[in-house]
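**Student:** Counting from 127, one number per residue, gives the positions in the sequence shown under my numbering.
Handing you a structure now.
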Amino acid sequence: MRTLARLLLAALLLLAATPAHAAPPRWTWPLSDTAVERGFEPPASEYGAGNRGVDLRGEAGEAVRAVAAGRVTFAGQVGGVPVVVVDHGAERSTYQPVTAGVRVGDAVRAGEPVGRLVVEHSHCAPRACLHLGRLAGDEYLDPLAALGAGRFRLVDPDGPLPQPPAGEWSGELERPVAGPVTSAFGMRVHPVTGARKLHDGTDIAAPCGTPVRAAAAGTVSSASFAGAYGNRVDVGHGDAVTGYAHLSAMDVRPGQSVAAGDVVGRVGSTGSSTGCHLHLMLVVGGTPVDPLG
Numbered sequence: 127m128r129t130l131a132r133l134l135l136a137a138l139l140l141l142a143a144t145p146a147h148a149a150p151p152r153w154t155w156p157l158s159d160t161a162v163e164r165g166f167e168p169p170a171s172e173y174g175a176g177n178r179g180v181d182l183r184g185e186a187g188e189a190v191r192a193v194a195a196g197r198v199t200f201a202g203q204v205g206g207v208p209v210v211v212v213d214h215g216a217e218r219s220t221y222q223p224v225t226a227g228v229r230v231g232d233a234v235r236a237g238e239p240v241g242r243l244v245v246e247h248s249h250c251a252p253r254a255c256l257h258l259g260r261l262a263g264d265e266y267l268d269p270l271a272a273l274g275a276g277r278f279r280l281v282d283p284d285g286p287l288p289q290p291p292a293g294e295w296s297g298e299l300e301r302p303v304a305g306p307v308t309s310a311f312g313m314r315v316h317p318v319t320g321a322r323k324l325h326d327g328t329d330i331a332a333p334c335g336t337p338v339r340a341a342a343a344g345t346v347s348s349a350s351f352a353g354a355y356g357n358r359v360d361v362g363h364g365d366a367v368t369g370y371a372h373l374s375a376m377d378v379r380p381g382q383s384v385a386a387g388d389v390v391g392r393v394g395s396t397g398s399s400t401g402c403h404l405h406l407m408l409v410v411g412g413t414p415v416d417p418l419g
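Here it is, written out as structure tokens:
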């Protein structure tokens, strides 16, 4: 009996020392688009062919956001390719080709920009796309499992447009400019590219040069040119971020605190735009939601 008891105790200690298969962490989407160009294809051997991450469709110059809270452990080049790595504890996320907007040692929150997407060294050249990696130690894992495979579904390209993802925010927003809504939040056919995709904000028509005011108090997280968004200012409000795009001018700088109603920029038509208007965005926990909802 004593021998059996010792064997049982040893088995229990071994089980306790062996980590259980944990559920994938919940990651937020790093880009404004949610299209997947190429999925995860782990190689059969260490040096074999495959895809050690996923390739996500993006726009050259757009902000790439951290998928989860963590700390930057690398921001530089690997073989000439600009790469950012964020450590999340048990796992790491990698972003390439991305010119870093952070430094090694910086703490980042989920949804906070870590850099800008570039076309050079893109897996989807001549188009821009983000190669997002997920590692646990030296093991490559499927990033889509952490992003939530259930968020993707195939739709008929000639059928009706699907409904946008639902979401809410408990805060209150003030209208940043006066004017009519010319394109609401939701699925639509893009007026410039003709692509069917989520319109991740609300377009409000106003003359170029009209002051754009912060919809809520917060801290400016970025203020720069962002590809199709043109000149864009993002303001953080805890778990939420408001974005102001296509600006003709930006009147704030990253790290600056603003009160609701403070001028953050001027209405414009920069980036992919058909005329003077403000593209107002609200991102909560990394997911775009209707800012006027």
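Yeah, the Cβ is synthetic: ideal placement off N, Cα and C, and Gly gets one too.
Keep in mind the model is a prediction, meaning the values are calculated, not measured.
1) Measure from the alpha carbon of Val207 to the alpha carbon of each residue in Thr328, Gly344, Pro223 and Met407, then state which is nearest.
2) Within its chain, find whatever has a CB closer than 7 Å to the CB of Ser248; leave out the 5 residues flanking it on each side and keep chain order.
3) Where does the unbroken beta strand (DSSP E) through Ala189 begin, and where does it stop?
4) Could you give the first and the last residue of the continuous beta strand (DSSP E) run that contains Pro337?
5) Using the rule of at least 16 other Cβ atoms within 10 Å of the residue's Cβ for burial, across every protein chain shown, is Glu298 buried or exposed?
6) Once DSSP output is grouped into helix, strand and coil, what is the label at Val254?
7) On the criterion of 16 or more Cβ atoms from any shown chain inside 10 Å, does Asp416 qualify as buried, or is it exposed?
8) Identify the continuous alpha helix (DSSP H) that holds Pro269 and give its terminal residues.
9) With distances taken from CA atoms, which of Thr400, Val234, Thr220 and Val198 is nearest Ala331?
10) Leaving out five residues on either side along the sequence, give the residues of the same chain with a beta carbon under 7 Å from the beta carbon of Gly293.
11) In whole angstroms, what is the alpha-carbon distance linking Val240 and Asp365?
12) Tell me whether Gly387 is buried or exposed, calling it buried when 16 or more other Cβ atoms sit within 10 Å of its Cβ.
13) Please check the pair Val367 and Gly237, which I expect to be a contact at CB under 8 Å, by giving their CB distance rounded to whole angstroms.
14) Could you tell me the alpha carbon to alpha carbon distance between Asp329 and Glu265, rounded to whole angstroms?
15) Whole angstroms are fine: how far does the CA of Leu258 sit from the CA of Pro269?
16) Which residues in the same chain have their Cβ closer than 8 Å to the Cβ of Ala231, if we skip the five residues on either side of it in sequence?
17) Can you tell me whether Ala236 is helix, strand or coil according to DSSP?
18) Terminal residues of the continuous beta strand (DSSP E) containing Ala226?
**Tutor:** This is what the structure holds:
1) The residue you call residue 207 lines up with position 81 of the sequence shown. Of the listed residues, the one whose Cα sits closest to Val207 is Pro223.
2) In the sequence shown, residue 248 corresponds to position 122, counting from 1. Excluding sequence neighbours, Ser248 sits near Pro223, Ala254 and Cys255.
3) By one-based count along the sequence shown, residue 189 stands at place 63. Residues Ala189 to Arg191.
4) As a position in the sequence shown, residue 337 is number 211, starting the count at 1. It spans Pro337 to Arg339 - the beta strand (DSSP E) in which Pro337 sits, taken as one unbroken run.
5) Here the question's residue 298 lines up with position 172 in the sequence shown. The C-beta of Glu298 has fewer than 16 other C-beta atoms within 10 Å across all chains shown, which makes the residue exposed.
6) Indexing the sequence shown from 1 puts residue 254 at position 128. It should be noted that the sequence gives Ala, not Val, for residue 254. Here Ala254 sits in coil by DSSP.
7) Locating residue 416 in the sequence shown gives position 290, counting from the first residue. Buried, since its Cβ has 16 or more Cβ neighbours within 10 Å.
8) What you label residue 269 is simply residue 143 of the sequence shown in a count that begins at 1. Where Pro269 is concerned, the enclosing alpha helix (DSSP H) stretches over Pro269 to Leu273.
9) Start at 1 with the first residue of the sequence shown, and residue 331 comes out as number 205. When only C-alpha atoms are compared, the closest one is Thr400.
10) By 1-based counting over the sequence shown, the position of residue 293 is 167. Residue confidence is low: Gly293 scores 47 on pLDDT, short of 50, so the model does not pin down where it sits. Its coordinate-derived value is still stated next. Same-chain partners within the cutoff: Val410, Thr413 and Val415.
11) On the sequence shown, residue 240 is found 114 positions in, with the first residue counted as 1. On the sequence shown, residue 365 is found 239 positions in, with the first residue counted as 1. One alpha carbon belongs to Val240, the other to Asp365, and they sit about 16 Å apart.
12) Position 261 of the sequence shown holds residue 387. Flag for Gly387 reads exposed.
13) Counting from one through the sequence shown, the residue named residue 367 turns up at place 241. Counting from one through the sequence shown, the residue named residue 237 turns up at place 111. The pair is a contact, with the Cβ atoms about 6 Å apart (cut-off 8 Å).
14) Taking the first residue of the sequence shown as position 1, residue 329 is located at position 203. Taking the first residue of the sequence shown as position 1, residue 265 is located at position 139. The straight-line gap from Cα to Cα measures roughly 43 Å.
15) For the purposes of this step, residue 269 is taken as the residue at position 143 of the sequence shown. For the purposes of this step, residue 258 is taken as the residue at position 132 of the sequence shown. When rounded, the distance between both Cα atoms is 7 Å.
16) Translated into the one-based positions of the sequence shown, residue 231 becomes position 105. What sits at residue 231 in the sequence shown is Gly, not Ala. The answer, listed in chain order, is Arg197 and Val198.
17) Along the sequence shown, one-based indexing puts residue 236 at 110. Coil.
18) Within the sequence shown, the letter at position 100 stands for residue 226. It spans Val224 to Ala226 - the beta strand (DSSP E) in which Ala226 sits, taken as one unbroken run.
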